[in-house]
Amino acid sequence: MIFFSLISSIAALLLLSPALGAPPSNALIDETGIFRDQVRIKTEKYLAFIHQQHGIDYRVVILKPQKDRDLASLANRLYNDSGVGRDTAGRGLVLVLDLENRAARVEVGYALEPHLTDAKASEMLRNHLAPYFATGNLRSAAEASIEFLVNEFKGKRDQLVHGPNYQGSGGAGAHQQLSEIPESTLTQETKEKLKRVLVPQPSPELALKLEFAMMHRGYYYRDIPLYDPDWKNQRVPEFPPDRVKEMAKMIDQPFQTRTAGDHAIAYHPNHQNLGPIFFRKTGQGWIVDRTSVQKYIIYDFSNDGWYLLAAAGDPYAELLRSVYQLESVRLSSGRAALRPKQPL
6 MIFFSLISSI AALLLLSPAL GAPPSNALID ETGIFRDQVR IKTEKYLAFI HQQHGIDYRV
66 VILKPQKDRD LASLANRLYN DSGVGRDTAG RGLVLVLDLE NRAARVEVGY ALEPHLTDAK
126 ASEMLRNHLA PYFATGNLRS AAEASIEFLV NEFKGKRDQL VHGPNYQGSG GAGAHQQLSE
186 IPESTLTQET KEKLKRVLVP QPSPELALKL EFAMMHRGYY YRDIPLYDPD WKNQRVPEFP
246 PDRVKEMAKM IDQPFQTRTA GDHAIAYHPN HQNLGPIFFR KTGQGWIVDR TSVQKYIIYD
306 FSNDGWYLLA AAGDPYAELL RSVYQLESVR LSSGRAALRP KQPL
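Letter 61 of the sequence shown, counting from 1, is numbered 66 in the working numbering, and no numbers are missing.
Shown next as structure tokens:
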């Protein structure tokens with residue numbers, strides 16, 4: 006689900022971008038075997054994408070279990086010994102994930118230090134990688150870090166420093182301890198942890214993926230920054246953890262998004278039984294606007310379909326019109342049935 010806005014352009018960019026040399030064959034080193042088959046291929050394509058479009062040599066390393074390792078020294082050594090950034094004028098990054106000790110380190114090359122400061126690197130780990138790790142989704146954690154970089158460097162390729170000679174890393178970067186949220190135990194401590202890790206995201210796709218990750222863990226907690234502020238006050242039934250996990254499996258299906266300004270919707274082209282989802286952009290990033298979904302969209306069991314209640318000028322209604330046919334229905338006075346356009 007992540008990178009829907011990028012996937013269609015990857016092939017073209019790889020062909021049209023100025024020659025940087027082929028992306029390294031060892032951009033993803035997985036000593037644990039978590040990244041398998043198509044997931045590995047997809048992740049390597051994302052790393053190649055950021056290499057070609059942004060001229061950044063980004064490597065991801067998942068370490069095999071080992072107690073009490075010095076992650077900072079190891080990441081620095083991996084960076085320098087592997088020649089990261091050698092063919093990208095020193096613009097290199099290494100993300101090292103240490104699952105045994107629940108820690109992550111991002112090592113930043115000299116040429117990127119003015120643009121990806123220690124504070125920015127820390128933000129990447131804290132707000133865009135740690136939440137997925139906390140909900141047990143390591144693959145999405147790595148993908149989220151890539152999307153953060155794509156958004157951070159979008160349109161800035163010519164502004165990035167081109168060092169005259171290759172330089173390695175002097176130890177700049179950030180370290181983050183990664184705590185895992187226990188499954189299905191909604192204690193006060195867990196609630197506070199959910200509030201810390203389930204935060205606004207740089208894209209609607211990531212926001213929805215993070216909500217799914219929370220639900221796969223057995224939670225549906227409404228008082229988190231990922232949701233619009235009014236959602237915690239809505240009267241929504243509480244479900245047991247097993248039911249939340251069942252719901253997550255049902256709704257976590259391939260989706261597409263449509264964005265207009267500070268509003269966006271997600272829809273499921275191949276699953277018409279799943280209704281649209283709304284998003285709103287705030288100063289901190291994209292949030293899931295569940296209150297507006299509840300306000301404007303209903304499912305009518307008697308007519309077996311989704312219906313729009315929004316006014317004609319509502320920004321969500323305009324987005325819905327770009328995806329659905331809005332058909333008036335006699336049995337549902339004042340409602341417009343959402344019928345997917347063909348093709349979506």
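Just so it is clear, CB atoms sit at the ideal spot from N, CA and C, and this is done for glycine as well.
Here the structure is a predicted model, which is why all the values come from computation and not from measurement.
Taking the alpha helix (DSSP H) that residue i belongs to, which residues open and close that run?
i, result
"E157", "L143 to F158"
"H268", "Careful: H268 lies outside any alpha helix (DSSP H), inside the beta strand (DSSP E) at H268 to Y272."
"Q57", "D42 to H59"
"A212", "P209 to H221"
"V202", "Q193 to V202"
Within 10 angstroms of the Cβ of residue i, are there 16 or more other Cβ atoms? Answer buried if so, exposed if not.
i, result
"D267", "exposed"
"Q182", "exposed"
"N170", "For N170, the predicted structure reports a pLDDT of 47, less than 50, and the residue's modelled location is therefore unreliable. The matter cannot be settled from this model."
"R133", "A small fix is needed here, since residue 133 is His in this sequence, not Arg. H133 should be labelled buried."
"Q330", "exposed"
"S297", "buried"
"K4", "There is no way to answer for residue 4, as the model of the chain reaches only from 6 to 349."
"S276", "In the sequence as displayed, the identity of residue 276 is His instead of Ser. The residue in question, H276, is exposed, as its Cβ has fewer than 16 Cβ neighbours within 10 Å."
"H59", "buried"
"P362", "One cannot answer for residue 362 here, as it falls past the ends of the chain, which runs 6 to 349."
"P209", "buried"
"S145", "buried"
"I46", "exposed"
"G288", "exposed"
"P1", "No statement about residue 1 is possible, as the shown extent of the chain runs from 6 to 349 and does not include it."
"K286", "buried"
"D62", "buried"
"P70", "exposed"
"P29", "buried"
"P234", "exposed"
"A126", "buried"
"A124", "exposed"
What number of angstroms, rounded off, separates the C-alpha of residue i from the C-alpha of residue j?
i, j, result
"D35", "L68", "7 Å"
"Q43", "D86", "29 Å"
"A147", "Y301", "35 Å"
"I151", "T192", "32 Å"
"F217", "Y51", "21 Å"
"H56", "D92", "10 Å"
"F283", "E194", "29 Å"
"N238", "G88", "53 Å"
"D247", "H221", "9 Å"
"G97", "I303", "48 Å"
"L143", "Y272", "25 Å"
"G223", "G95", "43 Å"
"Y226", "R41", "31 Å"
"K196", "Y115", "39 Å"
"N81", "F138", "22 Å"
"A53", "L33", "10 Å"
"A322", "L313", "8 Å"
"S78", "T262", "41 Å"
"G90", "K72", "29 Å"
"T48", "M252", "27 Å"
"R295", "W236", "6 Å"
"W311", "H180", "46 Å"
"I5", "R201", "Absent from the structure is residue 5, since the part of the chain shown begins at 6 and ends at 349."
"A149", "D228", "23 Å"
"M219", "E128", "20 Å"
Can you name the start and end residues of the beta strand (DSSP E) that residue i belongs to?
i, result
"T262", "Q261 to A265"
"T287", "I282 to T287"
"Y312", "G310 to L313"
"I34", "L33 to D35"
"A109", "A108 to V113"
"Y63", "D62 to L68"
"V99", "G97 to D103"
If residue i and residue j are in contact, beta carbons under 8 Å, what's the gap, nearest whole angstrom?
i, j, result
"L199", "L215", "With a Cβ gap of about 11 Å, L199 and L215 do not count as contacting."
"Y232", "V155", "That pair is no contact at about 25 Å."
"A108", "L83", "That belief does not hold up - the Cβ atoms of A108 and L83 are roughly 14 Å apart, past 8 Å."
"G178", "R110", "6 Å"
Considering only the beta carbon of each residue, do residue i and residue j sit closer than 9 Å?
i, j, result
"I256", "L325", "no"
"R64", "N106", "no"
"V66", "V101", "yes"
"L211", "W291", "yes"
"V328", "P281", "yes"
"T37", "L130", "no"
"P320", "A265", "yes"
"P274", "F260", "yes"
"F153", "P207", "yes"
"Q258", "L279", "yes"
"E157", "L121", "yes"
At a Cβ threshold of 9 Å, is residue i touching chain B?
i, result
"A146", "Reference to chain B is not applicable here, since this structure consists of a single protein chain."
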